[in-house]
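K.L.:
Using this note's numbering, the letters of the sequence shown correspond one by one to residues 2 to 635. We put the beta carbon where it would ideally sit given N, CA and C, even for glycine. All of these numbers come straight from a predicted model, not from anything done at the bench. Input: one structure, supplied below.
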Amino acid sequence: MANDLGIPGLATGMDTQATINKIMQYSRKPLDRLKQQQQTLLWKQDTYRSLNATLSQLRDLAFDLKLQSSYNTKKVTSSNNQAVTATSTSAAVNTNFSLDVISLAQAAQNASSAPVSIRSKVTSNDFNDTGESITIDATNNSFQIKLGAKQETITLAAGSYGTYDKDNLDDLAAAIQEQLTSTAGFTGANALHVKVTSNNELQFYTGQNPDDATVQTITLNQAGANDVLAELGFANNANSKELVGNIISDPGNISITSTSNKFKIAVGNGSLQEITLDIDDYNINEFAAEIQEKIRALNGSYANIEVTVNGFNQLRITSPAEVPIRLESSTGNNGLTTMGFTSGTVSDYPKNTITTSSSIWNLRDKFINTGFFEGKNATDNFGFTINGQSFNFNYNNTIDEIIAVINGNTAAGVSVFYDEYKDRLFMTATQAGNYNESGAEIQLTDTSGFLAGLLNISQEGETGGEDAKVIINGVTTQKKSNTFTMNNVTFTLTGEGKANVSVNADTSSIGEKVESFVNKYNEILASLYEKTNEARPTSGGKYNYYLPLTDEQKESMTEDQIEKWEEQAKKGLLRGDSILKEAINSMRSSVSRVVETSRNLTGVPLAGTIDTSGANRFKVTLGEKTEEIVLDTG
């Protein structure tokens, strides 16, 4: 065997390395013994620390039993939690209350007096091109419009004849609105409006209440020889359920390649589905047919999708079902642009409420009160106050941001949210009750006109707060809040109705405290007894105990072997330990001695007994069951 350590002059074949290792092993024994003794002491220390923590828990439980508050706990019960719930402090006296809740306290509320966004709409092509105009005269002044089941022919009056372009489209919209309202009778539940959008488009829209079960469709049709629909920028049979693309400039030559043959579509709440068109050259009608075929191949809610072409060479995508259609671009492919649509386009039907995460400026055409934005810019500031707190924003802010700032100001005292279903903004006072007898609970100052002009919120729209009305023990009274405290009892009114509330001593909680102490006492006593009587295991031979492993021993063992060895080595280290024995004797004497008291304890006695049998040798029993103990402190 080759030697690791060569010794010049000797060639006897002796394993000098093994000899050296044995010499070193012998010399390390005193150090190993010291390390083993140190580890044994550390293990004992850990056990002492664990037992001390448990004894501290027992001390805390014993301390609680010395407190008067531990025995003065109260139990409050209500005969009708649907009307009243209650809690109490230990200072409450045993008594009964009779309550009859007439009405709950209500917080003041203010809200949009009408929906803030348009409901159904049909939009014309824009009039942004230079020289583009509309001529209205006796031969070019009529069109048909239908809202739900109501259909009328609109004929513009002679006083509105003339030429219109983007600079005076508002005048034309006003002339059409006059005919819609005064002549055609589109008012009330059938109210129909027309306006000019920020992109110089004419737009017919409804602002009907979203609570209505049925959303009425707007449809525009030609009206005979004097038809002006095309002049107004609308295709025949244009309606509020369709998606209309931009005008395709070369309808006879649409070339679809590998970079322009894909787009995504979703119907209703469904996930986006990718459409792949055949690579080919199409005219616009062939193109529409190809798109329709590929969409309908998805089946289900896509099977009835219609793709047609209107008179302006625009693609129209319509679903007969009352569900929205959404279009998105495919990654790295401009197929949707070739079709004339913008990624993210969604049909407004059956819902056209505002998107609160978009900037107010980008939503301006979706608000009913579009005229509010005339003469304004996106960066213009606006402000208002709520209960004396000032708020300032600009039109690049979103409704979500405005709501977050208001709700984050606790001094304003309101909670604000936008309800998409009702299409209204709601403000609710955070404090219930009528706490401002001389005026509104939610004080508004609309310095910029933003609240009233765009969100339909005014001071006059407040529904004032109301105090709770309740009869307590035959006395009619009012409370500012649905939660109030009386005679150390806190009542919470939960609904109209009658309830009897009883306050009594909670003896069950006293029993639980005593039981917790007894259980912890038994647990600790058993643990101490186990430690002082635990035998030390041996690894072979009467006194060959498991000792802490040396570093050298660990090197030749697996982690599992080390763990099992140390588990045995830790056993019995505190056998006969004088400190633990003293703790056991102290605990035994504490529960076995007589304690004098000036109180008269009746019912199930608090008599301590010692159980000296079994492994848990010293156990305390108070009565038969601690939860059955009855204390009389009278």
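#1: Count the C-beta pairs between the segment 529-545 and the segment 570-578 that are closer than 8 Å, then say yes if the count reaches three, no if not.
#2: Look at the alpha carbon of residue 425 and the alpha carbon of residue 173, and state the distance between them as a whole number of angstroms.
#3: On the CB-based measure, 16 or more other CB atoms within 10 Å of its CB, does residue 438 come out buried or exposed?
#4: Using DSSP's beta-bridge definition, name the partner residues of residue 386.
#5: Just to confirm the assignment: which complete alpha helix (DSSP H) runs, minimum length 4, are found wholly within the segment 459-514?
#6: Residue 329 and residue 312 - do their beta-carbons sit closer together than 8 Å?
#7: So what's residue 453 in DSSP terms, helix, strand or just coil?
#8: Are at least three pairs of beta-carbons, each pair with one atom in the segment 224-237 and one in the segment 320-338, less than 8 Å apart?
#9: By how many angstroms is the C-alpha of residue 503 removed from the C-alpha of residue 587?
#10: Starting from residue 307, follow its DSSP beta bridges and name the residues at the other end.
#11: Pull the bridge partners of residue 104 from the DSSP assignment, please.
#12: Once the 5 residues before and after residue 286 are set aside, which same chain residues still bring their CB inside 8 Å of it?
#13: Rounded C-beta distance between residue 66 and residue 521? I'm assuming under 8 Å.
#14: In the DSSP output, what is residue 428 paired with across the bridge?
#15: Does the beta-carbon of residue 248 have 16 or more other beta-carbons within 10 angstroms, so that it is buried, or is it exposed?
#16: Can you find the residues in the same chain that come closer than 8 Å, C-beta to C-beta, to residue 274, ignoring five residues on each side of it along the sequence?
#17: Work out the CA separation of residue 496 and residue 84 for me, nearest whole Å.
#18: Please classify residue 34: does DSSP put it in a helix, a strand, or coil?
#19: Exposed or buried, which one is residue 430 when buried takes at least 16 other CB atoms within 10 Å?
#20: Hey, could you find the ends of the beta strand (DSSP E) residue 295 is sitting in?
#21: DSSP on residue 40, reduced to helix/strand/coil?
#22: Is the segment 467-487 touching the segment 96-108 in the sense that three or more CB pairs, one from each, lie closer than 8 Å?
#23: Consult DSSP for residue 94 and reduce its assignment to one of helix, strand or coil.
#24: For the segment 154-165 and the segment 127-145, state whether three or more C-beta atom pairs, one from each stretch, are separated by less than 8 Å.
#25: Note down, in chain order, each residue of its chain lying with its Cβ closer than 8 Å to the Cβ of residue 159, except the 5 sequence neighbours on either side.
#26: Suppose you measure from the CA of residue 369 to the CA of residue 432; what does that come to, to the nearest Å?
#27: Please report the Cβ distance between residue 202 and residue 121, rounded to the nearest whole angstrom; I am assuming they are in contact, meaning their Cβ atoms lie under 8 Å.
#28: In this structure, what does DSSP give as the bridge partners for residue 196?
#29: According to DSSP, is residue 602 part of a helix, a strand, or is it coil?
#30: Label residue 561 either buried or exposed according to how many other C-beta atoms from any shown protein chain fall within 10 Å of its C-beta, with 16 as the threshold for buried.
#31: If we ignore side chains and look at the alpha-carbon of each, how far apart do residue 654 and residue 446 end up?
#32: Roughly how many whole angstroms lie between the Cα atoms of residue 527 and residue 563?
#33: Taking the alpha carbon of residue 78 as the point to measure from, which residue in 578, 501 and 135 has its own alpha carbon closest?
#34: Please state whether DSSP places residue 546 in a helix, a strand or coil.
#35: Just tell me which of 435, 198, 95 and 553 has its CA closest to the CA of residue 483.
#36: Nearest-angstrom Cα distance between residue 602 and residue 530?
P.N.:
Taking the structure as given:
#1: With the cut-off at 8 Å, the segment 529-545 and the segment 570-578 touch.
#2: Between residue 425 and residue 173, the C-alpha separation is close to 30 Å.
#3: Flag for residue 438 reads exposed.
#4: DSSP, once it has assigned bridges, lists 391 and 446 as partnering residue 386.
#5: Not a single unbroken stretch of the alpha helix (DSSP H) spanning 4 or more residues falls wholly within the segment 459-514.
#6: Their beta carbons are not under 8 Å apart, which means residue 312 does not touch residue 329 by this criterion.
#7: Residue state, collapsed to three classes: helix.
#8: Contact fails: fewer than three Cβ-Cβ distances are below 8 Å.
#9: Each residue's alpha carbon lies about 44 Å from the other.
#10: Answer is 319.
#11: Per the DSSP secondary-structure output, residue 104 pairs in a beta bridge with 470.
#12: Same-chain partners within the cutoff: 310.
#13: So it is not a contact: roughly 11 Å between Cβ atoms.
#14: For residue 428, which the question treats as bridged, DSSP gives the partners 111 and 417.
#15: By the 10 Å Cβ count, residue 248 comes out exposed.
#16: Excluding sequence neighbours, residue 274 sits near 265, 266, 267, 299 and 303.
#17: When rounded, the distance between both Cα atoms is 4 Å.
#18: In the structure shown, residue 34 sits in a helix (DSSP, three-state: H, G or I).
#19: Under this definition residue 430 is a buried residue.
#20: Looking at the DSSP string, residue 295 is not in any beta strand (DSSP E); the run it does join, the alpha helix (DSSP H), is 285-297.
#21: Residue 40 falls in the helix class under three-state DSSP.
#22: By the Cβ test, the segment 96-108 is in contact with the segment 467-487, since at least three Cβ pairs between them sit closer than 8 Å.
#23: Under the three-state reduction of DSSP, residue 94 is assigned to coil, being neither helix nor strand.
#24: The segment 154-165 vs the segment 127-145: in contact.
#25: Taking residue 159 as the centre and dropping the five residues before and after it, the same chain places the C-beta of 139 closer than 8 Å to its C-beta, in chain order.
#26: For residue 369 and residue 432, the distance between alpha carbons rounds to 32 Å.
#27: Wrong, their Cβ atoms sit about 16 Å apart, outside the cutoff.
#28: Paired residues: 204.
#29: Residue confidence for residue 602 is low, a pLDDT of 40 falling below 50, so the modelled location carries little weight; the figure read from the coordinates is stated next. Residue state, collapsed to three classes: coil.
#30: Residue environment: residue 561 is assigned as exposed (fewer than 16 neighbouring CB atoms within 10 Å of its CB, all protein chains considered).
#31: No answer is possible for residue 654: the residues shown for the chain start at 2 and end at 635.
#32: One C-alpha to the other measures close to 29 Å.
#33: Checked all of 578, 501 and 135; the closest Cα to residue 78 is 501.
#34: Residue 546 falls in the strand class under three-state DSSP.
#35: Nearest C-alpha to residue 483 among 435, 198, 95 and 553: 435.
#36: Any answer about residue 602 is weak, because its pLDDT of 40 lies below 50 and its placement is not dependable; what the coordinates show is given next. If I take the Cα positions, the gap works out to 33 Å.
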